[in-house]
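Below you'll find the structure, written out as structure tokens, and then a few comments.
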Amino acid sequence: MALSESQIPPDAQHYLVCGTEDCEKNCQFYCNDCHQPMCEQCRDEHQKNKKTKSHEVVSYKQRKRLLPVEKCKIHPTRSIELLCQECQIPICPICATTKEHRDHVFIYLEVVFAEKCSLCNVEITKIRSYFEPTSQDLKKEIAGDVTEIKKIMEDIRASMKAEAEAVKKLVDTVTSDKIKQVNKMEQSLLHTLNGQNQEIDDYNNYLNGLVQTYYGYLSPSNIEQLKFFLKSENFIIRPIPETSKPVPPVFIAGQNSKEDVAKLLGRITVPNTKPENRIIKPMETASTELKPTGKQKKQDREKSDVKQTPSLSSSVTEVRENTVPSVDEVFHISLGKSGKLWISDFYGNLVQTDLQGNQLQKIHTSGGYGYHTVTQDGDLIYTDKKNKVINRITPDNTITALIKTGDWKSISIHSSPINGDILVGMRKDRKAKVTRYNKTGTEIQNIERDIKGQGLYRKPHYITENINGDVCVSDVKNDAVVVVDKSGQHRFSYTGQRSGFNPNGICTDVLGHILVCDIFRGTVHLLDQDGQFLSLLLTSQQGVYIPRSVCVDDENNLWVGESITNTVTVVQVSTVNIVYLYNNYVQCVCLCVVRQCNNNTFSFISATQFSLSLVLP
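Number 161 in the UniProt record's numbering belongs to position 161 of the sequence shown; there are no gaps in the numbering.
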């Protein structure tokens, strides 16, 4: 259902109906004089009308906000239109002529309001492009630290349990040995006592026999016994056998304390190291000049004219935007075969769509920046920095692990259309590198330092390869595009035309041009193979505010994804930005831009070709 203008938030992506009576088409433009939203057809008619052809018609996003109409309480027939700068109160034109405001300076409320709206938009852009992503980066970093701490503590617990089990086994072994020793001592003592007991038994038997003999003497049965008894002079009884009382062993308990046991089980120590503060990119790099206005615009254009050769002068109007389902922002685009593409946001949503924007499938990943690519065979490969592995998804949706990166976290990836090699940007602690693998996942090259031994990269979060074999990396920590040749030797680093350059998505075209998104400036820089700046392809004036991702298809169409929306814009760029020198004349032909709409038709929206001839000395 179409929404009225008042129902649409400033950064909404909903369908907005044209404000012309009986027109139900999609609103794309806005007349600042009439304060009326309009579609493309009504815009054209509005500009052809003699009464309104001088009106300022802009894209809907660039519209002037409509002030609320309120009557003056002192002069009810007049509306409040001015702001008294001395009194800082809104007044009507008649109030401005009164004694209370004599010699005061007044400014139209509309101007003040427009300026404040511009500042608010700048702040919103900064929040969306800097504060929110930075906060999300910190949240992900903290979440990673939580996972790492939990793993470390679990490893410590496992080590302690293993150590305790080892001590228990040792205690059991020693206890068993000592019990065996006690058993042997018991057997020896019992053997001695049993021997003494047997000796006493034998002696008792001897005594019983002797008593019987003596009884026989007392009652002789014949003369012979009597004669023997009468002849006996001594009656000798053997002495009682001597026995000894055994001395039992005594158990002396060990004098072990809790501390002694703790020593056996090792100890836990906390390194005496001060916690390191997380790195937050300084706000100075998040330029407030994203959408310059007034005098600042003029100064910026003057600076740009000096540095940019050739410079662009194009008037591009915005057309309908394509939205991608299931993603919050368009952080990276990978073009596949058969008219399919993969699009991801920062939060791990990776969606495959057709050229019409219909979702074909969706998977959840560990997220990031330029973390996926499509191979020559049409397979999708993507990095899983959490598990430190690179996965492959074949056209039949089979997921397999292609490369394990060890201790390094892979954060960006690119499959070379030239030879099928896989380029991977990685980080470990504060080190970074680019590793080249062949298409089967075998490591063949590491690019980490220049010839002076200095690290080339800090955070290679987008990566691509040029037609000459150069490896082009967009490094957000270095605020630079770092380019090395195919042997890994540093060729150049591009740091933008002014301070505050923040490179993101990067790609190259069929001519070897390098295209890189600058989200803080809200534009796409076009460089030649040697890093020389050629032009700005898209700016906020063309309706692309914060380009985050970019890629070029086989027909040299430029695909641009925005950071704070789920919008993908397809632009066909035809450039002849080569300077021809003949007969002491320089001729330049400027840029021609055509934008592709949802229905795969093309609207010719810029025709700024011209020739400029200069006589050389």
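Glycine residues also receive a C-beta, built at the ideal position from the N, C-alpha and C atoms.
Review point. Can you list, in chain order, the residues of its chain whose CB lies under 7 Å from that of L360, leaving out five sequence neighbours each side?
Key: K340, Q352, T353 and D354, listed in sequence order.
Check your understanding: Relative to the alpha-carbon of T77, which residue among Q62, C95 and C84 has its alpha-carbon at the smallest distance?
Key -> When C-alpha distances from T77 are compared across Q62, C95 and C84, the shortest belongs to C95.
Practice item. Using the DSSP secondary-structure output, state which residues sit across from E443 in a beta bridge. Key: Under the DSSP definition of a beta bridge, E443 partners with Y437.
Point to revise | C-alpha distance - V111 paired with E45, whole-angstrom precision | key: About 28 Å.
Point to revise | Minimum C-alpha distance to S487 - residue among H461, D450 and D479 | key: Nearest Cα to S487 within the set H461, D450 and D479: D450.
Check your understanding: Between the region 562-573 and the region 118-134, are three or more C-beta pairs nearer than 8 Å?
Key -> Contact between the region 562-573 and the region 118-134 is present, because at least three Cβ pairs lie under 8 Å.
Check your understanding: Looking only at its own chain, which residues have a Cβ that is under 8 Å from the Cβ of I418, when we skip the five neighbours before and after it?
Key -> Around I418, the same chain offers E465, I467 and G469 as residues with beta carbons nearer than 8 Å, after the five sequence neighbours per side are excluded.
Exercise for review: Pull up the DSSP beta-bridge partners for A480, would you.
Suggested key: Note: A480 sits in a beta bridge opposite D475.
Check your understanding: What residue range is occupied by the uninterrupted beta strand (DSSP E) comprising C517?
Key -> Counting along the chain, the unbroken beta strand (DSSP E) around C517 starts and ends at I514 to D518.
**Study point:** S118 - DSSP class collapsed to helix/strand/coil
**Key:** DSSP places S118 in helix when its eight states are reduced to three.
Practice item. Classify T398 as buried or exposed, calling it buried when 16 or more other Cβ atoms lie within 10 Å of its own Cβ. Key: By the Cβ neighbour-count rule, T398 is exposed, with fewer than 16 other Cβ atoms within 10 Å of its own.
Review point. When the Cα atoms are used, what is the spatial distance from C18 to M38?
Key: About 4 Å.
Point to revise | Reduced DSSP category for N194 - H, G, I as helix; E, B as strand; rest coil | key: It is helical.
**Study point:** Sheet register partners of R128 (DSSP bridge)
**Key:** In DSSP, R128 forms no bridge with anything.
Check your understanding: What residue does the alpha helix (DSSP H) around V261 start on, and which one ends it?
Key -> Bounds of the alpha helix (DSSP H) holding V261 are K258 to L264.
**Study point:** C95 in three-state terms, based on DSSP
**Key:** Residue state, collapsed to three classes: helix.
Point to revise | Secondary structure, beta strand (DSSP E): runs of 3+ residues fully inside the region 161-188 | key: Within the region 161-188, no complete beta strand (DSSP E) segment of 3 residues or longer occurs.
Exercise for review: Put D450 into one of helix, strand or coil per three-state DSSP.
Suggested key: Here D450 sits in coil by DSSP.
**Study point:** Exposure of A401, with buried meaning 16 or more beta-carbon neighbours within 10 Å
**Key:** By the neighbour-count rule (16 or more Cβ atoms within 10 Å), A401 is not buried but exposed.
Exercise for review: Taking D44 as part of the beta strand (DSSP E), name the residues at either end of that continuous run.
Suggested key: D44: not part of any beta strand (DSSP E); member of the alpha helix (DSSP H) spanning E40 to K48, first to last residue.
Review point. Out of curiosity, what's the CA-to-CA distance linking G195 and L226?
Key: Near 39 Å, if we compare the C-alpha coordinates of L226 and G195.
Review point. Among the residues of its own chain, which have a CB less than 6 Å from the CB of N478, if the five just before and after it don't count?
Key: So the list reads R458, once near-sequence residues are dropped.
Check your understanding: In the DSSP assignment, what residue or residues form a beta bridge with V17?
Key -> Partner(s): N26.
Practice item. Could you tell me the distance, in whole angstroms, from the CA atom of I546 to the CA atom of F331? Key: In a straight line, the C-alpha of I546 is about 11 Å away from that of F331.
Check your understanding: Apart from the five residues just before and just after residue 621, which ones in its own chain have a Cβ nearer than 6 Å to its Cβ?
Key -> A query on residue 621 cannot be resolved here, the shown segment of the chain reaching from 1 to 617 and no further.
Review point. In three-state terms, what does DSSP make of K404?
Key: Here K404 sits in strand by DSSP.
Check your understanding: Looking only at C-alpha atoms, which of V270, V473, K180 and L534 sits nearest to K433?
Key -> Closest option to K433, Cα to Cα, is V473.
Review point. With a Cβ-Cβ cutoff of 8 Å, do F29 and R65 count as a contact?
Key: No, the pair does not count as a contact, with Cβ atoms beyond the cut-off.
Review point. Near M185, which residues of its chain fall below 8 Å by C-beta distance, leaving aside the five closest residues on each side in sequence?
Key: Short of 8 Å from the beta carbon of M185, and not among the five residues preceding or following it, lie these beta carbons of its own chain, in chain order: P249.
**Study point:** Contact under 8 Å by Cβ, S416 with M426
**Key:** No, they are not a contact pair.
Review point. In whole angstroms, what separates the C-alpha of Q532 from that of N277?
Key: Distance between the alpha carbons of Q532 and N277: 37 Å.
Exercise for review: Under 7 Å Cβ to Cβ from K180, same chain only, skipping five residues before and after it: list those, please.
Suggested key: Correct list: empty, nothing qualifies.
Check your understanding: Rounded to the nearest angstrom, how far is the Cβ of Y371 from that of Y382, given a contact under 8 Å?
Key -> Indeed, because the Cβ distance is near 6 Å, the residues count as touching under 8 Å.
Check your understanding: When you compare only the Cα positions, how much space is there between K139 and F106?
Key -> So the two alpha carbons sit approximately 47 Å from each other.
Practice item. On the DSSP bridge assignment, give the partners of D354 in chain order. Key: K340, per the DSSP bridge assignment.
Exercise for review: Quickly, what does DSSP pair N391 with across the bridge? List them, please.
Suggested key: DSSP lists Y382 and A401 as partners of N391.
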